[in-house]
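Below: the structure, in structure tokens.
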Amino acid sequence: DSSAGASAGASSGSLAAAAVSLRAGWEAENRACGLRLVAAHQVLAACIDLPECADDAAEPRPCYSVVDPGVMAASYLVRELAISAARAEYMMSFAADLHFRYPAVLQAMLDGLMEERVARGLARQMAGVDDRVLPEIQAEVVKDYLDTLATGVRLGDHARGARVDEII
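So the sequence shown is numbered by our numbering: it starts at 9 and just counts up by one.
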């Protein structure tokens with residue numbers, strides 16, 4: 009029956025379209041998470057530059073209090089993202105790690121190809137890597153993750169961790 013074949017083709021086409029949409033949403037979510045972390049780091053950097061956060065002996069400000077830039081930045085994150093202060097501090101810490109130590113991990117997130125959970129796991133595993141070799145190790149870890157992802161394989165946490173350990 010040709011109508012059954014057409015119906016199956018239409019269902020297959022709608023499934024393919026739904027799968028494409030699903031992947032696009034996953035990538036958009038990863039990019040958005042990366043952008044939030046970039047913005048969190050920018051908020052902290054901006055707070056550090058504020059005069060009321062300056063604790064500079066070269067330019068004393070008698071009779072003025074000094075506001076901790078981390079506390080100020082966390083308050084902005086709490087207000088804008090409706091998260092707890094503890095989560096805001098954790099977010100700023102991770103954002104700084106990505107900015108200063110793990111830029112390749114951050115770029116994979118911004119490219120939409122790495123979830124925050126995976127990024128945190130990779131960063132945690134590479135935390136003990138010496139700064140002198142970290143850029144090379146990080147590049148290889150991210151490349152291995154992205155190459156594996158491109159094949160359609162999604163490793164579980166344990167298997168991914170074992171691969172990272174091998175690279176390290």
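Think of the CB as a built atom: it goes at the ideal place given N, C-alpha and C, for glycine as much as any other residue.
Among the options, the one whose alpha carbon lies nearest that of residue i
i: His49; options: Leu85, Leu130 and Ala167; result: Leu85
i: Ile56; options: Leu142, Gly120, Gly78 and Ala131; result: Gly78
i: Pro111; options: Met80, Arg128 and Tyr98; result: Arg128
i: Val126; options: Ala53, Ala96 and Val172; result: Val172
i: Ala131; options: Glu60, Asp105, Asn38 and Gly120; result: Asp105
i: Asp76; options: Ala27, Asp139 and Leu58; result: Leu58
i: Glu148; options: Ile176, Val51 and Ala103; result: Ile176
i: Arg87; options: Leu23, Val51 and Val74; result: Val51
Alpha-carbon spacing of residue i relative to residue j, whole angstroms
i: Ala47; j: Asp155; result: 28 angstroms
i: Arg31; j: Tyr153; result: 17 angstroms
i: Val137; j: Glu174; result: 13 angstroms
i: Gly42; j: Glu124; result: 8 angstroms
i: Met100; j: Ser19; result: 45 angstroms
i: His107; j: Ala53; result: 11 angstroms
i: Ala25; j: Arg162; result: 21 angstroms
i: Met122; j: Val28; result: 17 angstroms
i: Glu144; j: Asp165; result: 22 angstroms
i: Trp34; j: Gly21; result: 20 angstroms
i: Ser92; j: Val74; result: 23 angstroms
i: Met80; j: Asp139; result: 29 angstroms
i: Phe102; j: Lys151; result: 21 angstroms
i: Leu157; j: Ala94; result: 32 angstroms
i: Ala170; j: Gln146; result: 15 angstroms
i: Ala40; j: Leu23; result: 25 angstroms
Chain C contact for residue i (CB, 8 angstroms cutoff)
i: Arg31; result: In the displayed structure, chain C is absent; only one protein chain is listed.
Residue i and residue j closer than 8 angstroms at C-beta
i: Met134; j: Asn38; result: no
i: Leu114; j: Leu45; result: yes
i: Gly160; j: Ala36; result: no
i: Val142; j: Arg109; result: The sequence shown places Leu at residue 142, rather than the Val named in the question. Yes, the Cβ-Cβ distance between Leu142 and Arg109 is below 8 angstroms.
Distance between beta carbons of residue j and residue i, contact taken as under 8 angstroms
i: Ala82; j: Glu60; result: With 8 angstroms as the limit, Ala82 and Glu60 do not qualify as a contact, their Cβ atoms being about 15 angstroms apart.
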